[in-house]
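With this note's numbering as the guide, the letters of the sequence shown map in order to residues 97 to 375.
Okay, so here's the structure we're looking at.
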Amino acid sequence: MTALTGIRTSYDGLEDLVRAGALGPDPGTLRVAVAFTTRQAVRHDGRGTGYRNEVLSLRLAEAVGSCAVEPGALPDSAVEECVGADVARLLEHPLLPVRVAALDAYLMHVLPHTQANGARPVPLPAGSSLEKSWARAQAVVGLLDLPPGATVLVVGVVNSLLEALRSRGLRYIPCDLKGGATEWDEPVVADALAAAGRCDALLVSGMTLGNGTFEPLRRHALAHGKQLVMFAQTGSAVLPRFLGQGVSAVCAEPYPFFWLDGGPGVLHRYDGSCPGGGR
97 MTALTGIRTS YDGLEDLVRA GALGPDPGTL RVAVAFTTRQ AVRHDGRGTG
147 YRNEVLSLRL AEAVGSCAVE PGALPDSAVE ECVGADVARL LEHPLLPVRV
197 AALDAYLMHV LPHTQANGAR PVPLPAGSSL EKSWARAQAV VGLLDLPPGA
247 TVLVVGVVNS LLEALRSRGL RYIPCDLKGG ATEWDEPVVA DALAAAGRCD
297 ALLVSGMTLG NGTFEPLRRH ALAHGKQLVM FAQTGSAVLP RFLGQGVSAV
347 CAEPYPFFWL DGGPGVLHRY DGSCPGGGR
């Protein structure tokens, strides 16, 4: 099965399908061999501000599932608890990021990023961290089908994405739970759902899976017929399952992420026009 054909479901509903073995093997029979965190701090050349990333990743056979967390929020014990545990058990873990990473690993294992499953590979060239960030931004923003002057809600502020939107004549409202301001002193709103009504489309980080804010945004896009494009390091194998169910396109980037290496890489874009991608 390559997608949720004919099934309308929520994130919780997708978890239930996996628990029931409806999308692949019984998750109780699959164990996580390796669990690890990746911590990063960055300030690109020419930028006035920097940021930090922390990601929990779980290895299941050949697949790696990931969920970003706020730096310092994940207890060290979480990694130990994941090693050797079966996926069914981890889907019941009290920490949401563990559950998301486990679901991502399972779906990466049974529905990898292949053309048969709806993915279109996009080469990411070698380069500096800023060059690779800009190339990724172009791949992400290219999934929006909007006229110049339209307004995009950007949930998860990434400077390269904002620059790419401006280069296409698009307006935006930046949003992040921490609030603050962008590199260009633009105010960052903290309540995404409150701002969504003022926007023509939504461009949203997969991190919303890990903090529980994805579902309200998906339901908003579905109810109002708006484009919802996801850029996903978190839940890269999870979010394509919602194509046609509020999500219009996904730029999936499984581990290892572009910021870990200066060499060439690959992104996987889903827009519903490839077999398996729009069901």
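Backbone N, C-alpha and C define an ideal beta-carbon position, used for all residues, glycine too.
If I follow the unbroken beta strand (DSSP E) through residue 310, where does it start and stop? Position 214 of the sequence shown, counted from the first residue, corresponds to residue 310. Counting along the chain, residue 310 falls outside any beta strand (DSSP E), though it belongs to the alpha helix (DSSP H) covering 310-320.
With three or more C-beta pairs closer than 8 Å as the rule, is the segment 195-203 touching the segment 228-239? no
Are at least three pairs of beta-carbons, each pair with one atom in the segment 175-191 and one in the segment 113-132, less than 8 Å apart? yes
Would DSSP call residue 354 helix, strand or coil? If you number the sequence shown from 1, residue 354 lands on position 258. DSSP places residue 354 in helix when its eight states are reduced to three.
Sequence-distant residues of the same chain with beta carbon closer than 8 Å to residue 358, five excluded per side: As a position in the sequence shown, residue 358 is number 262, starting the count at 1. The answer, listed in chain order, is 222, 223, 224, 225 and 228.
Is it true that the CB of residue 299 sits closer than 8 Å to the CB of residue 248? Taking the sequence shown and counting its residues from 1, one reaches residue 248 at position 152. Taking the sequence shown and counting its residues from 1, one reaches residue 299 at position 203. Residue 299 sits close to residue 248, with the two beta carbons spaced by under 8 Å.
Span of the beta strand (DSSP E) holding residue 363? Residue mapping note: residue 363 aligns to position 267 of the sequence shown, counting from 1. Secondary structure note for residue 363: its beta strand (DSSP E) is the uninterrupted segment 361-366.
When you compare the segment 299-308 with the segment 275-285, are there three or more beta-carbon pairs, one atom per stretch, that lie closer than 8 Å? Touching, no.
Please determine, among 131, 287 and 331, the residue with the shortest C-alpha to C-alpha distance to residue 176. Reading the sequence shown from its first residue, position 80 is the one you call residue 176. Scanning 131, 287 and 331 for the CA closest to the CA of residue 176 turns up 131.
Taking all protein chains shown into account, do 16 or more other C-beta atoms lie within 10 angstroms of the C-beta of residue 116, making it buried, or fewer, making it exposed? Here residue 116 is taken as the residue at index 20 of the sequence shown, counted from 1. Residue 116 comes out exposed.
Which value, in whole angstroms, describes the spacing of the CA atoms of residue 167 and residue 342? Position 71 of the sequence shown, counting from 1, holds the residue named residue 167. Position 246 of the sequence shown, counting from 1, holds the residue named residue 342. Rounded to whole angstroms, residue 167 to residue 342 spans 29 Å at the Cα level.
If we ignore side chains and look at the alpha-carbon of each, how far apart do residue 348 and residue 162 end up? For the purposes of this step, residue 348 is taken as residue 252 along the sequence shown, with counting starting at 1. For the purposes of this step, residue 162 is taken as residue 66 along the sequence shown, with counting starting at 1. Between residue 348 and residue 162, the C-alpha separation is close to 12 Å.
Can you tell me whether DSSP reads residue 105 as helix, strand or coil? On the sequence shown, residue 105 is found 9 positions in, with the first residue counted as 1. Residue state, collapsed to three classes: coil.
Through-space distance from residue 339 to residue 261, alpha-carbon basis: Within the sequence shown, residue 261 is the residue found at index 165, counting from 1. Within the sequence shown, residue 339 is the residue found at index 243, counting from 1. Using only the alpha carbons, I get a separation of about 22 Å.
Proximity to residue 242 [Cα-Cα], best of 284, 118 and 263: Looking up residue 242 in the sequence shown gives position 146. The residue with the shortest Cα to Cα distance from residue 242 is 263.
With a threshold of 16 other CB atoms inside 10 Å of the CB of residue 99, please say whether the residue is buried or exposed. Here the question's residue 99 lines up with position 3 in the sequence shown. Note that residue 99 scores a pLDDT of 49, beneath 50, so its modelled location is shaky; the value from the coordinates is reported in the next line. By the neighbour-count rule (16 or more Cβ atoms within 10 Å), residue 99 is buried.
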